[in-house]
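Numbering (the working numbering), first residue to last: 6 to 317.
No residue lacks a Cβ here, since even glycine has one placed at the ideal position from N, Cα and C.
Given the structure is predicted, the values throughout are model-derived calculations rather than measurements.
In C-alpha cells:
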C-alpha cells in the first residue's frame with residue numbers, strides 16, 4: 006500500500022473512531038447505568054433531599070389529596086394549606102426517603118418491564134395505548150397515605166376521613182414507549198460493540214498511519230472533539246426536555262432529575278476532553294523534542310569551497 010493510501014485510510018479510521026465515541030458513550034450509559042437497578046437507585050437516592058424535587062412531590066401529593074376532599078370554598082383554602090404543609094413536612098423525614106426509594110424502584114421495574122415486553126402487551130398503568138402499548142405511570146398513593154397519617158397526628162379536622170386514591174405521575178408516555186421498544190434491542194448490542202469498535206478503529210488508524218505520532222495526536226484531538234460533541238448533546242437534551250414539559254411538572258424538579266441521571270455523561274465528557282488533549286499534547290511535544298534533538302545532533306554542513314578563477 007502506498008504512503009498516500011495509508012494516510013487516507015488512517016484518516017478515515019480515526020474519523021470513524023471519533024464519531025463512534027460519543028454515540029458509544031450514550032449507548033453504554035443507557036444500558037449499563039439507567040437499565041441497572043442498583044446504579045439507578047444510587048443515582049436517584051440523593052434527589053430525596055433536593056428542595057425542588059421535594060416541593061414538586063409535595064404539590065403532587067397535596068393536589069391528589071385535595072381532589073378527594075369535598076369541602077366548601079371557605080374551608081378549601083385552609084385545608085389546602087394544611088395538606089401542602091403536611092406533605093412538605095413529610096418530605097423532610099426518613100419515612101419519605103424510604104418511600105422515595107420504593108417508588109423509584111417500582112418505576113424503574115415498570116419501565117424496564119414495559120420496554121422489554123412485546124408490543125402487543127400492556128406496558129403499565131395509564132391511558133390509551135399507542136400500537137398496543139400503554140403509558141407507564143407512578144402511583145404516589147403510598148406517599149399520600151403517609152401524609153394523611155401526618156395530618157391525623159397534627160389533629161387536622163376530618164383528616165382521618167380523607168380518602169387516598171391513586172395519584173399517578175406519568176413516567177413514560179405510550180408514544181415514547183413504542184419508540185424505546187423499537188431501539189432497545191439495538192441499544193443493548195450497541196452498548197458493547199460501539200465502544201469496542203471505536204477503540205479498534207482508533208488503534209487501526211494509528212497502526213496504518215505512515216506517521217504514527219501524528220496519527221496519535223489526531224486521535225487525541227478527535228477524542229476531545231467527541232467529548233465536546235457529547236457535552237453538547239447532553240446540554241441540548243436538557244434544553245429540549247425542559248422545554249417540552251407538561252404544565253403541571255416543575256421545571257426545577259425535572260432539571261434536577263435530568264442532571265442527576267446525566268452526571269455520568271458529564272463526567273465522561275470531561276474525561277474525554279482531558280484525555281484527548283493530554284494525548285494530543287504529549288504526542289506533539291515528543292515529536293517536537295525528537296525533531297529538536299535530531300537537529301542538534303546532526304553535523305554542521307561543510308562549507309562550500311569558493312570557486313577558483315583561472316588567470317588569463
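Beta-carbon proximity of residue i to residue j, cut-off 8 Å
i: residue 218; j: residue 291; result: yes
i: residue 265; j: residue 57; result: no
i: residue 232; j: residue 202; result: no
i: residue 54; j: residue 210; result: no
i: residue 31; j: residue 206; result: no
i: residue 273; j: residue 225; result: no
i: residue 67; j: residue 85; result: yes
i: residue 235; j: residue 279; result: no
i: residue 113; j: residue 59; result: no
i: residue 189; j: residue 121; result: yes
i: residue 287; j: residue 15; result: no
i: residue 100; j: residue 151; result: yes
i: residue 26; j: residue 277; result: yes
i: residue 35; j: residue 192; result: yes
i: residue 196; j: residue 33; result: yes
C-alpha gap between residue i and residue j, whole angstroms
i: residue 259; j: residue 105; result: 15 Å
i: residue 95; j: residue 52; result: 15 Å
i: residue 65; j: residue 250; result: 15 Å
i: residue 275; j: residue 267; result: 13 Å
i: residue 77; j: residue 87; result: 15 Å
i: residue 49; j: residue 227; result: 33 Å
i: residue 245; j: residue 103; result: 31 Å
i: residue 89; j: residue 63; result: 6 Å
i: residue 24; j: residue 183; result: 27 Å
i: residue 242; j: residue 200; result: 21 Å
i: residue 261; j: residue 255; result: 10 Å
i: residue 28; j: residue 154; result: 48 Å
i: residue 75; j: residue 40; result: 42 Å
i: residue 229; j: residue 187; result: 31 Å
i: residue 11; j: residue 37; result: 37 Å
i: residue 130; j: residue 147; result: Because residue 130 carries a pLDDT of 43, less than 50, the predicted location of this residue cannot be relied on, and the following value inherits that uncertainty. Each residue's alpha carbon lies about 16 Å from the other.
i: residue 263; j: residue 117; result: 18 Å
i: residue 93; j: residue 69; result: 14 Å
i: residue 61; j: residue 194; result: 37 Å
i: residue 223; j: residue 216; result: 11 Å
i: residue 107; j: residue 289; result: 53 Å
i: residue 97; j: residue 252; result: 25 Å
i: residue 8; j: residue 198; result: 30 Å
i: residue 17; j: residue 237; result: 23 Å
i: residue 221; j: residue 204; result: 13 Å
i: residue 185; j: residue 119; result: 10 Å
i: residue 83; j: residue 239; result: 43 Å
i: residue 125; j: residue 46; result: Residue placement at residue 125 cannot be trusted, given a pLDDT of 40 that sits under 50; what the coordinates show is reported in the next sentence. Roughly 29 Å between the two C-alpha positions.
i: residue 91; j: residue 115; result: 29 Å
i: residue 72; j: residue 79; result: 16 Å
Boundaries (first-last residue) of the alpha helix (DSSP H) holding residue i
i: residue 116; result: 99-121
i: residue 42; result: 42-49
i: residue 80; result: 78-95
i: residue 229; result: 217-248
i: residue 19; result: 8-34
i: residue 251; result: From DSSP, residue 251 is part of no alpha helix (DSSP H); its letter is neither H nor E.
i: residue 259; result: 256-266
Beta carbon proximity, residue i to chain C, threshold 8 Å
i: residue 86; result: Absent from the structure is chain C; it holds one protein chain and no more.
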